[in-house]
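Each remark here refers to the structure printed beneath this line.
There are 2 protein chains.
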Amino acid sequence: MGTRHRGTEDEVRALDAYIKLMRAANSVTARVHRHLAEERLTISQFGALEALYHLGPLCQKDLGKKLLKTDGNITLVVDNLEKRGLVERRRDPEDRRYVVVHLSEKGRELIQRIFPRHVAAVVEALSALAPSEQQELARLCRIVGKRAAE
Amino acid sequence: MGTRHRGTEDEVRALDAYIKLMRAANSVTARVHRHLAEERLTISQFGALEALYHLGPLCQKDLGKKLLKTDGNITLVVDNLEKRGLVERRRDPEDRRYVVVHLSEKGRELIQRIFPRHVAAVVEALSALAPSEQQELARLCRIVGKRAAE
DNA sequence: TACTATTATTTTAACATTAAACTATTTCCT
DNA sequence: AGGAAATAGTTTAATGTTAAAATAATAGTA
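Taken in sequence, the protein lines are chains A and B. Going by our numbering, the first residue of the first sequence is number 86, and it counts up by one from there. Going by our numbering, the first residue of the second sequence is number 86, and it counts up by one from there.
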């Protein structure tokens, strides 16, 4: 077991699962995003580009919801993408509170080029599990995530 | 499924498990550490105190290995704990390259007081799963984490 | 219409995080 | 012994991250 805590059986079991979950998420994140360094992209920047690529233009609030990040964080990440010309901010003329973030041509070219590497890295990272185990992992994580997000 | 990617069955399955794993880890981390704000402790600070509490004094290198963080990061986290008088740095007289980090009395009192809350929060976060499911989650995460850490 | 509440974004302060360069110390090897 | 290599820690620069306060714009309501 991964915990040194002396507690009830329930506690030790939960702590063990917790530690393993955290370590798996850490290791997989590091491994999956290793290839991003080549393009000088951070994980957050990649996440934003990917969301815009698959969902189309989004206002910053919605981008934050997708990435589970705060408003202020999105402001900074979009700033840095904008500096590199990978996205464009467009103020919504209908409701001037909204800033809609669009992929630029350069940004689209980049995410199109590197997304296949991302998929390959994810497949590789999970290849130690059989297909049915991957599905079971997804099922358990969905339950845990849902409860914790309440 | 949690992905919009159009790909092979293997790809979609792996991406789905990956997304669920990440979201679960994120949500559980946020939930489990919610109580730390009361004590104005960060997650990293809590992790360092916990490691010192359960493993005894550690040099910064070893602390970094436990927390999976870089040297420079540990320097800062220990700095901030030291400022609050929760830990003490002691240069190893045998090998003056090493700085051994000790819990102070104040630090020990704090971690002893809040650790039970941490355990309770972890148990709560995982309570949506049956005991056997928690064990299965731990098993799958261990496999995935091990592969990714290679 | 005018006031209030809500919503989206930005800003700020504090801490986290990494990579890379740097310092100090020790170990290893010839 | 002496110099090279390895190891522990610090520093720096860039980015991320949050919470909280501040701005700006819109919606709702008396």
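Note that beta-carbon positions come from the ideal geometry of N, C-alpha and C, so glycine has one too.
- Taking the Cα of GLY192(B) as reference, the smallest distance to any Cα among LEU153(B), GLU218(B), THR160(B) and GLY141(B) is reached at GLY141(B).
- Interface criterion met: the Cβ of LYS105(A) is under 8 Å from a Cβ in chain B.
- Between ALA205(B) and ARG232(A), the gap from beta carbon to beta carbon reaches 8 Å or more.
- Annotated as proximal: ALA133(B) and LEU152(B), with beta-carbon spacing under 8 Å.
- Shown here for ILE128(B): same chain residues with a beta carbon closer than 6 Å to its own, the five before and five after excluded, namely HIS118 in chain order.
- When the Cα atoms are used, SER112(B) and ASP180(B) turn out to be separated by approximately 42 Å.
- Against chain B, the beta carbon of GLU218(A) has neighbours under 7 Å at LEU225, listed in chain order.
- Beta-bridge pairing by DSSP links ARG176(B) to VAL184(B).
- In the DSSP secondary-structure assignment, LEU143(B) is bridged to VAL186(B).
- Within the segment 134-156 of chain B, those residues whose Cβ lies closer than 8 Å to any Cβ of chain A are, in chain order, HIS139, LEU140 and LEU153.
- Counting along the chain, THR114(B) sits inside the alpha helix (DSSP H) bounded by residues 94-117.
- Across the set ALA110(B), LEU188(B), LEU100(B) and ARG198(B), the C-alpha of LEU188(B) shows the shortest separation from the C-alpha of LEU166(B).
- Our two residues, ASP101(A) and MET107(A), have alpha carbons roughly 10 Å apart in a direct line.
- Distance from VAL207(A) to ALA99(B) at the Cβ level is roughly 5 Å; contact confirmed, criterion being Cβ atoms closer than 8 Å.
- Assignment of THR155(B) by DSSP, reduced to helix, strand and coil, places it in the coil class.
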